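Chemist: The structure is given below, and queries will be raised subsequently.
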Amino acid sequence: MNFNSLTEYLDSLESLYGIPYCDCAVACHHDIVFRHMTGHSDAEQKNPTNISVLYRLFSGTKISTAVAAMQLVERGKLNLYDELQKYLPEYSVMRVAENFDYHSVPTVWPRLDTPSHIAHNPIRIIDLLTMSAGFSYDTYSQSVIELSKATGCKASTRDCIRALAQMPLLYEPGEHWAYSLALDVLAVVVEVVSEMPYSDYLRQNIFAPLEADDFCFHPDEAMAPRLGHLYNKDRATGKLIDDDGGYSGSFSFSEAYESGGAGLITTVSAYCKLIDALSCGGEGYNGARILKPETVQLFMTPYTSGTTQEDFMYFRRGRRDYAYGLGVRVRVDKTGGRSPLGEFGWDGAAGSYFLVDPKNSLSIVYAQHVMGCIEAFDNIHPTVRDLVYEGMNL
Numbered sequence: 001m002n003f004n005s006l007t008e009y010l011d012s013l014e015s016l017y018g019i020p021y022c023d024c025a026v027a028c029h030h031d032i033v034f035r036h037m038t039g040h041s042d043a044e045q046k047n048p049t050n051i052s053v054l055y056r057l058f059s060g061t062k063i064s065t066a067v068a069a070m071q072l073v074e075r076g077k078l079n080l081y082d083e084l085q086k087y088l089p090e091y092s093v094m095r096v097a098e099n100f101d102y103h104s105v106p107t108v109w110p111r112l113d114t115p116s117h118i119a120h121n122p123i124r125i126i127d128l129l130t131m132s133a134g135f136s137y138d139t140y141s142q143s144v145i146e147l148s149k150a151t152g153c154k155a156s157t158r159d160c161i162r163a164l165a166q167m168p169l170l171y172e173p174g175e176h177w178a179y180s181l182a183l184d185v186l187a188v189v190v191e192v193v194s195e196m197p198y199s200d201y202l203r204q205n206i207f208a209p210l211e212a213d214d215f216c217f218h219p220d221e222a223m224a225p226r227l228g229h230l231y232n233k234d235r236a237t238g239k240l241i242d243d244d245g246g247y248s249g250s251f252s253f254s255e256a257y258e259s260g261g262a263g264l265i266t267t268v269s270a271y272c273k274l275i276d277a278l279s280c281g282g283e284g285y286n287g288a289r290i291l292k293p294e295t296v297q298l299f300m301t302p303y304t305s306g307t308t309q310e311d312f313m314y315f316r317r318g319r320r321d322y323a324y325g326l327g328v329r330v331r332v333d334k335t336g337g338r339s340p341l342g343e344f345g346w347d348g349a350a351g352s353y354f355l356v357d358p359k360n361s362l363s364i365v366y367a368q369h370v371m372g373c374i375e376a377f378d379n380i381h382p383t384v385r386d387l388v389y390e391g392m393n394l
């Protein structure tokens, strides 16, 4: 193994793209074979990045939510083809917006009074996992905003998702693909089925067994000082500006809200234990099993095809190397990259990146804290991925 090129690349990210700090860990067969941190994680640029820094994973949270749901499937408490209304009755009768262009940029989300018709198809659990339920990613949804105002921003996660059911869907469930709040809804299904708050479920069933119990959704006084400083990249100037909490806060509908799609805050070391376990057939470094090998195989399976794959390719600006699976991307074409078919994972809005390769028992966790950094998705992630495989001689 030789990771000199990867180390040099990570060290160059500040000069190339203005990334003030980052952390990257690579595990193979439970061994950390590479770890490198760069820069300073505080606003004053005085404290070197260290292993205790907490990162907002944003959409990297979706991996945890998908794992939680599939654990319940394994235990016979949830079925992928159950209708959502079985667990959340408010979703029994849904409306679909008339002639809505969900590919429009910028997207103008439906409002409560948007012309609509009763949905013909029910929303199923698998529609949530595969982003084909018809939801939008409107984090300022009219019904949720009204609830927030009425409760003084103190509504429970369950109440927020109950309010979301009032909004029109973008399309008939199961017929298209659109990135959305579906995994937030799924997290509430986990709450209902397990009869415990979502964070408690994650702690008891995923992170504590893996000895990775260093996470939160809302940092307390003890954890807040460890939270890495969050930046926004000004697309007009390319300069970094402080994130005032407006963008990051938009993924939390209330002070109590636990977003199953974007709310997790944790360290690279802790999340690496989950990503590593997935790469090793669902078994953690300490022998704790969080999923069966055959369930991990399901994560390696693409679920988009035809129209839904076209929608996913549109989201990925025409790139054909990945399809979408159960809450994760799945590699379906090796053109332009070194990872094998079936490699899966996801990323986060501030530039984090997660790769699971069960064929080689290999995993990658990369974290940075810059919102609006298109270069992370277009350049940094594929480069980090390929340099890892180069360093591993794979």
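Counted the way my numbering counts, the sequence shown spans residues 1 to 394.
All C-beta atoms in this analysis are idealised placements derived from N, C-alpha and C, irrespective of residue type, glycine included.
As the structure is a computational prediction, the values presented were derived from the model and not from experiment.
Counting beta carbon pairs with one atom in the segment 34 to 44 and one in the segment 5 to 21, are three or more of them shorter than 8 angstroms?
Modeler: Yes, the segment 5 to 21 is in contact with the segment 34 to 44.
Chemist: Below 8 angstroms on the Cβ atoms is my contact criterion, and I expect residue 53 with residue 226 to pass it. Report the Cβ-Cβ distance as a whole number of Å.
Modeler: Counting from 1 along the sequence shown, the entry for residue 53 is found at position 53. Counting from 1 along the sequence shown, the entry for residue 226 is found at position 226. About 6 angstroms separates the two Cβ atoms, so the contact holds.
Chemist: Ignore the nearest five residues each way along the sequence and tell me which others in residue 268's own chain have a CB closer than 6 angstroms to its CB.
Modeler: Here residue 268 refers to the residue found at position 268 when the sequence shown is read from its first residue. So the list reads 23, 25, 365, 367, once near-sequence residues are dropped.
Chemist: Measure the CB-CB distance between residue 301 and residue 132 and report whether it falls below 9 angstroms.
Modeler: Along the sequence shown, read from residue 1 onward, the residue named residue 301 stands at position 301. Along the sequence shown, read from residue 1 onward, the residue named residue 132 stands at position 132. No; because the gap between Cβ atoms is not below 9 angstroms, this pair is not in contact.
Chemist: Inspect the CB distances between the segment 366 to 383 and the segment 67 to 86 and report whether three or more fall short of 8 angstroms.
Modeler: no
Chemist: Please determine if the segment 255 to 263 and the segment 144 to 157 are in contact, where contact requires at least 3 C-beta pairs separated by less than 8 angstroms.
Modeler: yes
Chemist: I need the straight-line Cα distance from residue 206 to residue 295, nearest angstrom please.
Modeler: Position 206 of the sequence shown, counting from 1, holds the residue named residue 206. Position 295 of the sequence shown, counting from 1, holds the residue named residue 295. When rounded, the distance between both Cα atoms is 15 angstroms.
Chemist: Under 8 angstroms, with one C-beta from each stretch per pair, do the segment 92 to 103 and the segment 212 to 220 reach the 3-pair mark?
Modeler: A contact between stretches requires three or more CB pairs, one per stretch, nearer than 8 angstroms, and the segment 92 to 103 fails this requirement with the segment 212 to 220.
Chemist: Do three or more CB pairs link the segment 350 to 357 to the segment 379 to 393 at distances below 8 angstroms?
Modeler: yes
Chemist: With residue 121 and residue 90 assumed to form a contact (beta carbons below 8 angstroms), what rounded beta-carbon distance in angstroms separates them?
Modeler: Counted from its first residue, the sequence shown places residue 121 at position 121. Counted from its first residue, the sequence shown places residue 90 at position 90. About 17 angstroms separates the CB atoms of residue 121 and residue 90; that is not less than 8 angstroms, and the two are not in contact.
Chemist: Can you list, in chain order, the residues of its chain with a C-beta nearer than 6 angstroms to that of residue 34? Leave out the 5 residues immediately preceding and following it.
Modeler: Against the sequence shown, residue 34 aligns to sequence position 34. Answer for residue 34: 3, 26, listed in chain order.
Chemist: For residue 165, which option in 185, 273, 318, 178 has the closest C-alpha, if you only look at C-alpha atoms?
Modeler: Mapped onto the sequence shown, residue 165 falls at position 165. Taking only the C-alpha atoms, the option nearest residue 165 is 185.
Chemist: If you draw a straight line from the alpha carbon of residue 80 to that of residue 72, how long is it in whole angstroms?
Modeler: Looking up residue 80 in the sequence shown gives position 80. Looking up residue 72 in the sequence shown gives position 72. Distance between the alpha carbons of residue 80 and residue 72: 10 angstroms.
Chemist: Going along the chain, which unbroken runs of the beta strand (DSSP E) with 3 or more residues stay wholly within the segment 208 to 253?
Modeler: Complete beta strand (DSSP E) runs here, min 3: 231 to 233, 240 to 242.
Chemist: With 16 as the cutoff for other CB atoms within 10 Å, does residue 29 come out buried or exposed?
Modeler: As a working note, residue 29 is residue 29 in the sequence shown. Classification of residue 29: exposed, given that the 10 Å Cβ count is below 16.
Chemist: Please go through the same chain and pick out, in chain order, the residues whose beta-carbon is closer than 8 angstroms to the beta-carbon of residue 213, but skip the five residues on each side of it.
Modeler: Mapped onto the sequence shown, residue 213 falls at position 213. Within the same chain, residue 213 has close Cβ partners 203, 207, 270.
Chemist: If the criterion is Cβ atoms closer than 9 angstroms, does the pair residue 290 and residue 169 meet it?
Modeler: For the purposes of this step, residue 290 is taken as residue 290 along the sequence shown, with counting starting at 1. For the purposes of this step, residue 169 is taken as residue 169 along the sequence shown, with counting starting at 1. Contact annotation: residue 290 and residue 169 have beta-carbon atoms that are not nearer than 9 angstroms.
Chemist: Is the CB-CB distance between residue 112 and residue 189 below 9 angstroms?
Modeler: By one-based count along the sequence shown, residue 112 stands at place 112. By one-based count along the sequence shown, residue 189 stands at place 189. Taking 9 angstroms as the Cβ cut-off, residue 112 and residue 189 do not qualify as a contacting pair.
Chemist: Excluding the 5 residues preceding and the 5 following residue 314 in the sequence, name in chain order all residues of the same chain whose CB lies nearer than 8 angstroms to its CB.
Modeler: Mapped onto the sequence shown, residue 314 falls at position 314. Closer than 8 angstroms at Cβ, skipping near neighbours: 103.
Chemist: Quick check: what's the CA-CA separation for residue 14 versus residue 175?
Modeler: The count along the sequence shown starts at 1 and reaches residue 14 at position 14. The count along the sequence shown starts at 1 and reaches residue 175 at position 175. Rounded to whole angstroms, residue 14 to residue 175 spans 42 angstroms at the Cα level.
Chemist: Can you check the segment 118 to 182 for any alpha helix (DSSP H) of at least 4 residues that lies completely inside it and give the ranges in chain order?
Modeler: If we require 4 residues or more, the alpha helix (DSSP H) runs fully inside the segment 118 to 182 come out as 125 to 129, 142 to 151, 157 to 164.
Chemist: How many Å lie between residue 142 and residue 114 at the Cα?
Modeler: For the purposes of this step, residue 142 is identified with residue 142 of the sequence shown, where counting begins at 1. For the purposes of this step, residue 114 is identified with residue 114 of the sequence shown, where counting begins at 1. Approximately 11 angstroms, taken between the alpha carbons.
Chemist: Assess, as a yes-or-no matter, whether the segment 235 to 244 is touched by the segment 143 to 151 under the definition of 3 or more beta carbon pairs within less than 8 angstroms.
Modeler: no
Chemist: Are the Cβ atoms of residue 312 and residue 177 separated by less than 9 angstroms?
Modeler: Within the sequence shown, residue 312 is the residue found at index 312, counting from 1. Within the sequence shown, residue 177 is the residue found at index 177, counting from 1. Yes; because the gap between Cβ atoms is below 9 angstroms, this pair is in contact.
Chemist: Please state the DSSP three-state secondary structure of residue 44.
Modeler: Sequence index remark: in the sequence shown, residue 44 carries index 44 (1-based). Coil, per DSSP.
Chemist: Per DSSP, what are the beta-bridge partners of residue 37 in this structure?
Modeler: Sequence index remark: in the sequence shown, residue 37 carries index 37 (1-based). Answer is 23.
Chemist: Taking 8 angstroms as the line, does the beta carbon of residue 317 fall inside it for any heavy atom of the ligand GDP?
Modeler: The ligand GDP is absent from the structure shown, which contains no ligand whatsoever.
Chemist: Would you tell me roughly how many angstroms separate the C-alpha atoms of residue 135 and residue 379, rounded to the nearest one?
Modeler: The sequence position of residue 135 within the sequence shown is 135, counting from 1. The sequence position of residue 379 within the sequence shown is 379, counting from 1. If you take the alpha carbons of residue 135 and residue 379, they lie about 29 angstroms apart.
Chemist: Taking C-beta to C-beta, are residue 67 and residue 278 nearer than 9 angstroms?
Modeler: Against the sequence shown, residue 67 aligns to sequence position 67. Against the sequence shown, residue 278 aligns to sequence position 278. Yes, the Cβ-Cβ distance between residue 67 and residue 278 is below 9 angstroms.
Chemist: Use the C-beta contact count for residue 341: other C-beta atoms within 10 angstroms, 16 or more gives buried, fewer gives exposed.
Modeler: In the sequence shown, residue 341 corresponds to position 341, counting from 1. Exposed, since its Cβ has fewer than 16 Cβ neighbours within 10 Å.
Chemist: Out of curiosity, what's the CA-to-CA distance linking residue 148 and residue 252?
Modeler: Working through the sequence shown from its first residue, we reach residue 148 at position 148. Working through the sequence shown from its first residue, we reach residue 252 at position 252. Rounded to the nearest whole angstrom, the C-alpha separation of residue 148 and residue 252 is 11 angstroms.
Chemist: Between which two residues does the alpha helix (DSSP H) carrying residue 315 extend?
Modeler: For this step, residue 315 is matched to residue 315 along the sequence shown. Segment 307 to 315, the alpha helix (DSSP H) holding residue 315.
Chemist: Taking residue 366 as part of the beta strand (DSSP E), name the residues at either end of that continuous run.
Modeler: Position 366 of the sequence shown, counted from the first residue, corresponds to residue 366. It spans 362 to 368 - the beta strand (DSSP E) in which residue 366 sits, taken as one unbroken run.
Chemist: In angstroms with no decimal places, state the Cα-to-Cα distance between residue 198 and residue 191.
Modeler: In the sequence shown, residue 198 corresponds to position 198, counting from 1. In the sequence shown, residue 191 corresponds to position 191, counting from 1. Each residue's alpha carbon lies about 5 angstroms from the other.
Chemist: Just mark residue 305 as buried or exposed, buried being the case when its beta carbon has 16 or more other beta carbons within 10 Å.
Modeler: One-based indexing of the sequence shown puts residue 305 at position 305. With fewer than 16 Cβ atoms within 10 Å of its Cβ, residue 305 is classed as exposed.
Chemist: Compute the beta-carbon to beta-carbon distance between residue 265 and residue 56, rounded to the nearest angstrom, for a pair I have assumed lies under 8 angstroms.
Modeler: To locate residue 265, count along the sequence shown from 1; it is residue 265. To locate residue 56, count along the sequence shown from 1; it is residue 56. Correct: roughly 5 angstroms between the Cβ atoms.
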